[in-house]
Amino acid sequence: MALKSRNKVSAAFNMSSMTDIVFLLLIFFMLTSTLVSPNALKLLLPNSNSKTLEKQTISISITAEIDFYINEQKVNENSIEQELKLLIGNDKEPAIILHADKTVDIEHVVKVLDIAYNNKYKIVLATTPN
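Shown next as structure tokens:
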């Protein structure tokens, strides 16, 4: 009596297809994680037909040698207010950025801040992030 041998199915598992899927998932998550900005708010902004207006920004710099510059042009300390009035003209909301060297005495910075305050100009002090 001859016994028939059955075809045995191999129980081995081929890992190459599994590694391909894991590799593709790894690439997908690496690419999408760089596109996510976690600090942003998700807002749907309304559409507008008007053009965006560029605001004029004026840069005032005070060097360590107490030299004053408005938009990279050297000015006298006593003529800062007149130069600002000429540059700003009829602009209702000018933006002024004050760049002061950290070795400059505070009295020079306060003088420029007072000029901006007296003329109702908005001014910010530029700093370097840590």
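For reference, each letter of the sequence shown is one residue, going 289 to 418 in our numbering. Glycine is no exception: its CB is placed at the ideal position from the N, C-alpha and C atoms.
From residue i to residue j, what does the alpha carbon distance come to, in whole angstroms?
i: Glu371; j: Gln361; result: 10 Å
i: Asn364; j: Asn407; result: 19 Å
i: Leu314; j: Asp379; result: 53 Å
i: Ile309; j: Asn302; result: 13 Å
i: Tyr409; j: Thr345; result: 11 Å
i: Ser304; j: Arg294; result: 28 Å
i: Ser321; j: Lys390; result: 39 Å
i: Ala328; j: Ala404; result: Confidence at Ala328 is low in this model, with a pLDDT of 49, below 50, so its placement is unreliable and no value can be given for it.
i: Lys399; j: Phe317; result: 53 Å
i: Leu375; j: Leu319; result: 47 Å
i: Ala264; j: Met306; result: Residue 264 lies beyond the residue range present for the chain, which begins at 289 and ends at 418; the question has no answer from this structure.
i: Pro417; j: Asn359; result: 22 Å
If distances are taken between C-alpha atoms only, which option among the options comes closest to residue i?
i: Ile368; options: Ile394, Thr416, Ser347, Ala352; result: Ser347
i: Ile411; options: Lys296, Ser349, Leu374; result: Ser349
i: Ala352; options: Asn366, Glu381, Val392; result: Val392
i: Asp402; options: Asn359, Lys296, Asn366; result: Asn366
Since residue i and residue j are thought to touch, with beta carbons under 8 Å apart, how far apart are those beta carbons, to the nearest angstrom?
i: Ile385; j: Ala414; result: 5 Å
i: His387; j: Ile354; result: Wrong, their Cβ atoms sit about 14 Å apart, outside the cutoff.
By Cβ distance, which residues of its chain are closer than 8 Å to residue i, with the 5 residues on each side in sequence left out?
i: Lys373; result: Asn407
Once the 5 residues before and after residue i are set aside, which same chain residues still bring their CB inside 6 Å of it?
i: Tyr357; result: Ser349
Return the chain-ordered list of same chain residues with a C-beta closer than 7 Å to the C-beta of residue i, the five sequence neighbours on each side being excluded.
i: Gly377; result: none
4 or more residues per run - each alpha helix (DSSP H) lying fully within the stretch 354-397: 368-376
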